[in-house]
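Asker: Here it is, the structure, as structure tokens.
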Amino acid sequence: MLAKQLWRIWSYPEKLLSRVLKARYFPRSDVFSASLGTRPSFTWRSVMAAQSLFRKGCRWRVGTGEHIRAWDDPWLPRPRSFKPITPAPVVPANLFVADLVTPDGLDWDVVRVRELFWPEDSEVILGLPLSRTREPDLLVWHYSKNGRFSVRSAYHLACLLDDRPGSSSLGEHESSWWRKVWQSKIPNKIKVFVWRACLNALPTSANLHRRIQGFQAGCPLCCAEKEDVMHVLALCPFARQAWGLSSFRSCLLVSGSGDTLKWMQGVALGLDSQELSLFFFSGRCGGAGTES
Numbered sequence: 003m004l005a006k007q008l009w010r011i012w013s014y015p016e017k018l019l020s021r022v023l024k025a026r027y028f029p030r031s032d033v034f035s036a037s038l039g040t041r042p043s044f045t046w047r048s049v050m051a052a053q054s055l056f057r058k059g060c061r062w063r064v065g066t067g068e069h070i071r072a073w074d075d076p077w078l079p080r081p082r083s084f085k086p087i088t089p090a091p092v093v094p095a096n097l098f099v100a101d102l103v104t105p106d107g108l109d110w111d112v113v114r115v116r117e118l119f120w121p122e123d124s125e126v127i128l129g130l131p132l133s134r135t136r137e138p139d140l141l142v143w144h145y146s147k148n149g150r151f152s153v154r155s156a157y158h159l160a161c162l163l164d165d166r167p168g169s170s171s172l173g174e175h176e177s178s179w180w181r182k183v184w185q186s187k188i189p190n191k192i193k194v195f196v197w198r199a200c201l202n203a204l205p206t207s208a209n210l211h212r213r214i215q216g217f218q219a220g221c222p223l224c225c226a227e228k229e230d231v232m233h234v235l236a237l238c239p240f241a242r243q244a245w246g247l248s249s250f251r252s253c254l255l256v257s258g259s260g261d262t263l264k265w266m267q268g269v270a271l272g273l274d275s276q277e278l279s280l281f282f283f284s285g286r287c288g289g290a291g292t293e294s
């Protein structure tokens with residue numbers, strides 16, 4: 003996996019290969035923002051081929067915040083951009099994350115954060131832990147628990163990002179996904195529920211509306227206009243509250259772009275088999291009302 007070589011260059015700048023490539027191709031920047039350059043070697047071309055995937059899987063873990071640009075760098079644990087959705091203000095310009103914490107660096111400046119960012123961003127920011135020992139900012143791989151790059155998680159991410167119809171890698175990824183579902187140590191009725199959810203085959207109000215004349219498509223709990231599978235499992239305020247109280251709070255940060263299968267695959271990244279089974283079980287409990 004080429005992305006692994008790129009990760010090594012970033013993680014071990016003292017290595018000979020890292021020093022040679024830096025001197026030649028990015029003497030005043032880093033491999034994260036380097037360009038292909040002129041007359042690149044085969045090695046450098048190979049490394050740069052993985053840069054796009056590397057960028058989509060990495061984000062900064064806040065330490066002091068002194069080297070993280072609040073609007074330009076990826077630092078929020080929210081795929082896929084990891085950046086705020088709030089438009090950058092004209093003033094102050096070039097704001098760093100360190101400017102969003104109190105003078106002692108131990109707590110967020112709540113007033114300023116809520117003043118500068120929309121609620122969708124401010125709540126995520128205020129939920130981030132700050133280093134009590136003033137550790138430096140650290141670039142981490144978002145799709146693993148320990149923050150270190152792994153070929154397996156990178157492969158899954160690459161497949162999730164590959165939306166081309168008929169793509170063989172996407173087909174292989176979906177086959178791998180269904181193997182995980184059917185091999186999970188959970189009751190068969192939960193496996194069937196997951197299968198039906200991913201295929202949009204649950205009797206949600208939106209689906210019943212298409213089949214039964216006069217049936218209301220709205221959510222009976224929150225009165226949203228459309229109750230589809232994604233709404234039931236992830237978007238309804240009642241579902242989000244339940245996930246927020248569970249051990250899978252991170253699923254609230256995963257966007258499936260309205261696709262239940264992609265949402266589940268995104269949440270599953272980084273989960274071991276036992277955690278994945280528990281996630282399926284939790285989803286089944288949350289969507290119990292949609293079973294026929």
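Residue numbers for the sequence shown follow the numbering used here, beginning at 3 and rising by one.
Glycine included, C-beta positions come from ideal geometry on N, C-alpha and C.
#1: With DSSP as the reference, label Leu254 as helix, strand or coil.
#2: Using a Cβ-Cβ cutoff of less than 7 Å, which residues in the same chain neighbour Pro76 once the five nearest sequence positions on both sides are dropped?
#3: Taking contact to mean at least 3 C-beta pairs separated by less than 8 Å, is the region 241 to 248 in contact with the region 140 to 157?
#4: Cβ of Leu210 within 8 Å of Cβ of Phe217?
#5: I need the straight-line Cα distance from Val231 to Thr45, nearest angstrom please.
#6: Considering only residues of the same chain and omitting the five flanking positions on each side of Ile127, which have a CB-CB separation below 6 Å?
#7: If you run the structure through DSSP and keep just helix, strand and coil, what is Trp110?
#8: How is the beta strand (DSSP E) around Val142 delimited, first residue to last?
#9: CB-CB under 7 Å to Pro91, same chain, minus the five flanking residues each way: which ones, in chain order?
#10: Provide the residue(s) that pair with Arg63 in DSSP beta bridges, ordered along the chain.
#11: Along the chain, where does the alpha helix (DSSP H) containing Asp123 start, and where does it finish?
#12: Alpha carbon to alpha carbon, how far is Gly285 from Ala208?
#13: Taking the alpha-carbon positions, what's the Ser54 to Gln215 distance?
#14: Determine, using beta carbons only, whether Ala95 and Ala52 come nearer to each other than 8 Å.
#15: Tell me the residue span of the alpha helix (DSSP H) that contains Val93.
#16: Between which residues of its own chain and Ala36 is the CB-CB distance below 8 Å, once the five residues before and five after are set aside?
#17: Identify the continuous alpha helix (DSSP H) that holds Ala156 and give its terminal residues.
#18: Would you identify the three-state DSSP class for Val33, choosing helix, strand or coil?
Answerer: This is what the structure holds:
#1: helix
#2: Cys60, Arg61, Trp62, Ser83, Phe84 and Lys85
#3: no
#4: The answer is yes: Cβ separation under 8 Å.
#5: 46 Å
#6: Cβ neighbours of Ile127 beyond the five flanking positions: Val115.
#7: strand
#8: DSSP places Val142 in the uninterrupted beta strand (DSSP E) bounded by Leu140 to Trp143.
#9: Leu118
#10: Its beta-bridge partners are Leu140.
#11: Pro121 to Leu128
#12: Near 19 Å, if we compare the C-alpha coordinates of Ala208 and Gly285.
#13: 47 Å
#14: For Ala95 and Ala52, no; Cβs fall outside 8 Å.
#15: First-last for Val93: undefined, no H or E at that position.
#16: Tyr27, Phe28, Met50 and Gln53
#17: Unbroken alpha helix (DSSP H) run through Ala156: Val153 to Leu163.
#18: coil
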